[in-house]
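A.B. asks: Could you have a look at this structure, given as structure tokens, before my questions?
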Amino acid sequence: MTPEDPQDLGGPAVPAERFRKPWVRNLLWTAGTVLVLYAMVAADVVLRAREAYREGEKYMRWHEHPDQKESELRKEFERGKSALDRKLAAGKIPKERYDRELEILKFDLDRRREESAVKYAYVWYQTAYELFSPPESRWVKLSRAKAPAAKEKWKEELRSQNIRFEDYMLE
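Numbering (the working numbering), first residue to last: 179 to 349.
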């Protein structure tokens, strides 16, 4: 027997010949492509759920520690202002546009200070478990577990501000 002889491999040549048929190759390529595509979509959804959960955690931390919220918002404002200062110094924008953009930055800072952090925490948790499941990832489970507590804290906040609401308004 020669080395090229299929009998030397200890088995018949039938399985190797099956893969030479075009329809079998096409079927295998299609199945492989579908599996890879499914894995990519699942990974994307899990990563989005993780990001939504982390945003929810950030806002919950801001609710529990308002000084951190103020500090982070102030840092964000300063970054935006320094970018505007650089553009103005380089002559990329006129003074009028600088003033307008600075006013917008100040407005955004004030608006974000007034926004309810616990409301955003609830919305981000809700986003994680409503939009990014299935698959039932760790982040979806954590979000689903933490959302009711965030919603209750949001209700308490609304009651303390004498804002009337119904449960359907918070969904």
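The C-beta atom is built at its ideal place from N, Cα and C for all residues, glycine as well.
Alpha carbon to alpha carbon, what distance is there between residue 237 and residue 218?
C.D. replies: If you take the alpha carbons of residue 218 and residue 237, they lie about 29 Å apart.
A.B. asks: Three-state secondary structure (DSSP) at residue 239?
C.D. replies: Here residue 239 sits in helix by DSSP.
A.B. asks: Can you give, in chain order, each stretch of the alpha helix (DSSP H) that sits fully within the segment 228-280 and has at least 4 residues?
C.D. replies: Those alpha helix (DSSP H) runs which fall completely within the segment 228-280 and span 4+ residues are 244-267.
A.B. asks: My assumption, with CB atoms under 8 Å, is that residue 280 sits in contact with residue 251. Please give the rounded CB distance.
C.D. replies: Actually they are not in contact, since the Cβ atoms of residue 280 and residue 251 sit about 16 Å apart, beyond 8 Å.
A.B. asks: Excluding the five sequence neighbours on either side, which residues of its own chain have a C-beta within less than 7 Å of the C-beta of residue 196, listed in chain order?
C.D. replies: Excluding sequence neighbours, residue 196 sits near 202.
A.B. asks: Would you call the CB atoms of residue 311 and residue 301 closer than 9 Å?
C.D. replies: No, the Cβ-Cβ distance between residue 311 and residue 301 is not below 9 Å.
A.B. asks: Report, in whole angstroms, the separation of the C-beta atoms of residue 259 and residue 266, which I expect to be a contact under 8 Å.
C.D. replies: The Cβ separation is near 10 Å, so there is no contact.
A.B. asks: Sorted by chain position, which residues of the same chain lie with C-beta nearer than 8 Å to residue 303's C-beta, five sequence neighbours on each side aside?
C.D. replies: Result list for residue 303: 230, 231, 234, 321, 322, 324, 325, 328, in chain order.
A.B. asks: With a threshold of 6 Å on Cβ separation, who are the neighbours of residue 271 within its own chain once the five nearest residues in sequence on each side are excluded?
C.D. replies: Contacts found: 265.
A.B. asks: Can you list, in chain order, the residues of its chain whose CB lies under 7 Å from that of residue 335, leaving out five sequence neighbours each side?
C.D. replies: 294, 296.
A.B. asks: Specify the secondary structure class of residue 294 as computed by DSSP and reduced to three states.
C.D. replies: Correct three-state label for residue 294: coil.
A.B. asks: Since residue 331 and residue 241 are thought to touch, with beta carbons under 8 Å apart, how far apart are those beta carbons, to the nearest angstrom?
C.D. replies: Their Cβ separation, rounded to whole angstroms, is 7 Å, which keeps residue 331 and residue 241 in contact under 8 Å.
A.B. asks: Does DSSP put residue 326 in a helix, in a strand, or in coil?
C.D. replies: If DSSP states are grouped into helix, strand and coil, residue 326 belongs with the helices.
A.B. asks: Under the criterion of a Cβ to heavy atom distance below 8 Å, does residue 217 qualify as lining the ligand GDP?
C.D. replies: Although the ligand GDP was asked about, the structure shown includes no ligands whatsoever.
A.B. asks: At the level of alpha carbons, what is the spacing between residue 313 and residue 221?
C.D. replies: Rounded to the nearest angstrom, the two C-alpha atoms are 9 Å apart.
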